[in-house]
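One structure is given here, and the rest of the page talks about it.
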Amino acid sequence: MKVMKSTGIRFLFILAAANLCASISPHFLEFNISSRLTAENTNWGELSVFWCPLEQREAALAVEHLLNFLFVIITAYSKGMFLSMDEFVKIAESIGQELDGITACVKNSPLEDSFILKQLKFVTLTYTAHLEATGYLHYYDLNTTSQQLLRSIIKLNLYLLSLHDSSGAPLIGGHENTLSRSHAFLKIWGNLFQKLTDLPLGMKVLFESHYLRAQNTILYLEKSVSQPR
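Numbered according to mature numbering (1 follows the signal peptide of the UniProt record, and there is no 0), the sequence shown spans residues -23 to -1, 1 to 206.
As structure tokens, then:
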């Protein structure tokens, strides 16, 4: 792949946008299966495939800020444990292309900064989780108790991803109560799901895997809160 030099305008836009998005404090919304959140008024604009700067230091800075920016965009669709599926799908392909461009830049530069590698891994994981979730939410779209519970736990896992920074480090200042509430709802949903009968095996396996993932993430985040700073 031919490495292309970035325009100064694009880099300044990425830097300004990342700083702006980082200043937006997330708002936790009440857990309610029947609630909805859409991103109709959210317009992130058109993303273009990332151009990797030739100079290594500039490339590292550009990659770091763009990954921060992409992480904010991705998690904006699941803040408060809700996912605007249709809106995310509209921009998912562009985000994927950006991540492909960043991955190529990291390999070709090469960028060996451990923080950037952590960033790329976690942002890619977050993007993949949201992409997979849109498929599950589209498939399990009935108002049955089992499917409502499954959708809720899928959305909870997406929300928990947003309680990290773009490198995967816990970022939960002001969200301590959110963790205890999340844990309480997780137990309730698990107990309700266990009481249901005649469920497809695939649904049971999917619910159990998401339940375990949410449980482990909550325990990890709770542990980080209790650690001395």
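All C-beta atoms in this analysis are idealised placements derived from N, C-alpha and C, irrespective of residue type, glycine included.
Just so you know, these numbers come straight off a predicted model, no measurement behind them.
Asked: Taking the straight line between their C-alpha atoms, what separation do you get for Ile10 and His160?; Found: Only weak support exists for where Ile10 lies, its pLDDT of 24 falling under 50; the value from the coordinates is given anyway. Each residue's alpha carbon lies about 16 angstroms from the other.
Asked: For the alpha helix (DSSP H) containing Ser186, list its first residue and its last residue.; Found: 178 to 203
Asked: By a C-beta neighbour count over all protein chains shown, 10 Å radius and 16 as the cutoff for buried, is His115 buried or exposed?; Found: exposed
Asked: Are Cys29 and Asn85 touching if we call contact CB-CB under 9 angstroms?; Found: yes
Asked: Bridge partners for His141 per DSSP, in chain order?; Found: Pro147
Asked: If you draw a straight line from the alpha carbon of Gln55 to that of Tyr136, how long is it in whole angstroms?; Found: The sequence given here has Ser at residue 55, not Gln. Approximately 6 angstroms, taken between the alpha carbons.
Asked: What would DSSP say about Thr121, mapped onto helix, strand or coil?; Found: coil
Asked: Pairing CB atoms from the segment 29 to 48 with CB atoms from the segment 83 to 100, are three or more of them under 8 angstroms?; Found: yes
Asked: Below 8 angstroms CB to CB, which residues in the same chain sit around Leu183 once its five sequence neighbours on both sides are set aside?; Found: Tyr113, Leu127
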